[in-house]
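**Student:** Residues 1 to 243 (our numbering) make up the sequence shown, in order.
One structure, as structure tokens, below. Some questions next.
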Amino acid sequence: MFTTVIGALNVGFLQTLKLFAVTLIGALPLGLIISFGSMSRWQPFRFLRRRNGRGARILAGFRPISALCRILVWIIRGTPLMLQLIIIDYIPGRIRDHSPWGTGETGRFLASAIAFIINYACYFSEIYRGGIQGVPRGQQEAGMVLGMTKRQIFFKVTLLQMIKRIVPPMSNEIITLVKDTSIARIISMQEVIWAGYAFLKGSHGYSGLIWPLFFTGVYYLIFNGILTILLGQLEKKLDYFRA
């Protein structure tokens with residue numbers, strides 16, 4: 001019995017690891033893009049500033065990219081991940097004749113990955129934005145005095161100092177992501193919690209077994225422990241950026 005339970009939990013935890021890895025791979029760069037959009041200063045109607053009238057001045061100050069990104073972040077951060085997961089999984093299939101994600105476990109995994117990537121990208125974007133804006137303005141001005149281009153200033157000055165600043169909050173979000181993967185069971189994705197709960201309902205010829213569900217906590221503890229050590233080592237290696 002123990003071998004059967006561990007085998008099923010291992011299969012479920014593999015799905016958890018896959019969802020975790022795919023989310024990080026997608027959300028880290030997407031979050032940076034969203035943060036750039038949130039800080040965008042592009043104003044297509046700035047030529048209206050010279051006109052009289054309050055309406056013209058408001059329109060002149062409209063920054064569409066920044067506004068859209070901030071609205072997206074506000075919606076995603078203001079609604080539960082579980083609700084977003086249900087919407088992404090079910091709504092497209094209701095609109096179309098069939099789900100664009102496909103059927104079976106592969107379709108559920110794809111829907112979960114998309115929901116998690118969008119959700120965590122929005123959270124990461126705020127961390128990125130805080131890290132970038134937290135770099136002293138004098139650092140950038142010093143780079144300009146040295147004749148560096150804006151691109152060089154960003155990659156050689158701002159970005160390196162930003163990484164040091166965002167590691168602690170980013171580490172917290174990454175550890176939270178490990179536990180949040182359990183929410184994917186709401187659309188029947190067979191991650192480790194789903195695998196443990198299946199033995200309570202009567203999976204693999206066993207029924208009423210509750211210990212496999214609680215044993216899933218061991219998987220999370222071990223994996224989060226490894227991540228905590230690795231992220232702690234990363235933070236120590238970045239100590240030379242300390243201001």
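Yeah, the Cβ is synthetic: ideal placement off N, Cα and C, and Gly gets one too.
Quick caveat, the model's predicted, so the values are computed rather than measured.
Would you say R70 and I187 are within 9 Å of each other, going by their C-beta atoms?
**Tutor:** Against a cut-off of 9 Å, the Cβ pair of I187 and R70 comes out as no contact.
**Student:** Which runs of the alpha helix (DSSP H) fall wholly inside the stretch 150 to 233 and span at least 4 residues, in chain order?
**Tutor:** The stretch 150 to 233 contains these whole alpha helix (DSSP H) runs: 150 to 153, 159 to 180, 192 to 201.
**Student:** If you count every other CB in all the chains shown that lies within 10 Å of the CB of D97, and 16 or more means buried, which is it?
**Tutor:** That one is exposed.
**Student:** Does DSSP put R97 in a helix, a strand or coil?
**Tutor:** It is Asp, not Arg, that sits at residue 97 in the sequence shown. D97 falls in the coil class under three-state DSSP.
**Student:** If you follow the alpha helix (DSSP H) that G102 is part of, which residue opens it and which one closes it?
**Tutor:** That residue, G102, is in no alpha helix (DSSP H); it is neither H nor E in DSSP.
**Student:** From G225 to W194, what does the alpha carbon distance come to, in whole angstroms?
**Tutor:** So the alpha carbons of these two residues sit roughly 22 Å apart.
**Student:** Can you tell which of E126, D89, K150, F20 has its C-alpha closest to the C-alpha of I117?
**Tutor:** Considering only alpha carbons, the answer is F20.
**Student:** In angstroms with no decimal places, state the Cα-to-Cα distance between G208 and G202.
**Tutor:** Their Cα atoms are separated by approximately 7 Å.
**Student:** To the nearest whole angstrom, what separates the beta carbons of I127 and E173, a pair I think is in contact under 8 Å?
**Tutor:** Indeed, because the Cβ distance is near 7 Å, the residues count as touching under 8 Å.
**Student:** Do you know offhand how far D89's Cα is from P100's?
**Tutor:** Going from the Cα of D89 to the Cα of P100 covers about 9 Å.
**Student:** DSSP on G147, reduced to helix/strand/coil?
**Tutor:** G147: coil per DSSP, three-state reduction.
**Student:** Provide the residue span of the alpha helix (DSSP H) that contains R70, from first to last.
**Tutor:** Its alpha helix (DSSP H) spans residues 64 to 78.
**Student:** Taking the alpha helix (DSSP H) that S38 falls in, what are its first and last residues?
**Tutor:** Note, S38: alpha helix (DSSP H), 2 to 38.
**Student:** In this structure, how does DSSP classify P136 when only helix, strand and coil are distinguished?
**Tutor:** P136: coil per DSSP, three-state reduction.
**Student:** Restricting to Cα atoms, I'd like to know which of V218, K18, A8 is closest to A113.
**Tutor:** Answer by Cα proximity: K18.
**Student:** For I132, which option in G7, F214, L234, S40 has the closest C-alpha, if you only look at C-alpha atoms?
**Tutor:** Taking only the C-alpha atoms, the option nearest I132 is S40.
**Student:** Roughly how many angstroms separate the alpha carbons of I153 and G134, rounded to a whole number?
**Tutor:** Each residue's Cα considered, the two are about 15 Å apart.
**Student:** Three-state secondary structure (DSSP) at L110?
**Tutor:** Of the three classes helix, strand and coil, the one that applies to L110 here is helix, per DSSP.
**Student:** Where A111 and A184 are concerned, what is the direct C-alpha to C-alpha distance, given to the nearest angstrom?
**Tutor:** Cα-Cα distance, rounded: 9 Å.
**Student:** Less than 7 Å between C-beta atoms, sequence neighbours within five positions excluded: which residues of the same chain meet that for A243?
**Tutor:** The predicted position of A243 is uncertain, since its pLDDT is 49 and thus under 50; a value taken from the coordinates is nonetheless stated next. Correct list: empty, nothing qualifies.
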